[in-house]
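To convert a position in the sequence shown, counted from 1, into the working numbering, add 227. Think of the CB as a built atom: it goes at the ideal place given N, C-alpha and C, for glycine as much as any other residue.
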Amino acid sequence: MTYERLYFGKEGERAAVKFLKKKGYRIIEKNYRNKAGEIDIIAEHGQVLVFVEVKSRAGAEWGEPLEAITPHKQRKIGQVARGFMARHKIENRDCRFDVVGIKGDPDEPKQWEIQLVQDAFRL
């Protein structure tokens, strides 16, 4: 992965955190990792525990950001989420998987289009 793509991804995650906070989300963790993989953001929205994947795209050559959440990626996110819940002894809690898609020129963050899809997929 090029430095530019990595930078855009990290800046996209920062923008997503700000966006989610404005929507009433309370951020619990960012870039949570375990042996199964990583989840970009873990938050609470009301009483619901939310696992958020962020996808940033600078152009159409890589497709739409939300198209990048393949069934394989969904399963991996689910594995990480289950690990997080087990580690923190979370049971009988409403959970969902949201996706934040970010499109735009990496050098023009004020022009980025940010899209939130709540309950984007189920396991």
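- Nearest neighbour of SER283 by Cα position, chosen from LEU293, VAL275, HIS272, THR297, turns out to be LEU293.
- With a contact defined as Cβ atoms closer than 8 Å, ILE304 and LEU276 miss out at about 13 Å.
- Cβ contact annotation for ASN261 (same chain, cutoff 8 Å, sequence separation greater than five): VAL307, GLY310, PHE311, ARG314, in chain order.
- DSSP places ARG309 in the helix class (H, G or I) of the three-state scheme.
- With a beta-carbon spacing of about 7 Å, GLN301 and LEU350 fall inside the 8 Å limit used to define contacts.
- Per DSSP, the beta-bridge partners of ASN261 are GLY264.
- By the C-beta density criterion, LYS337 is exposed, having fewer than 16 other C-beta atoms within 10 angstroms.
- For PHE235 and ALA243, the gap between their C-alpha atoms comes out near 12 Å.
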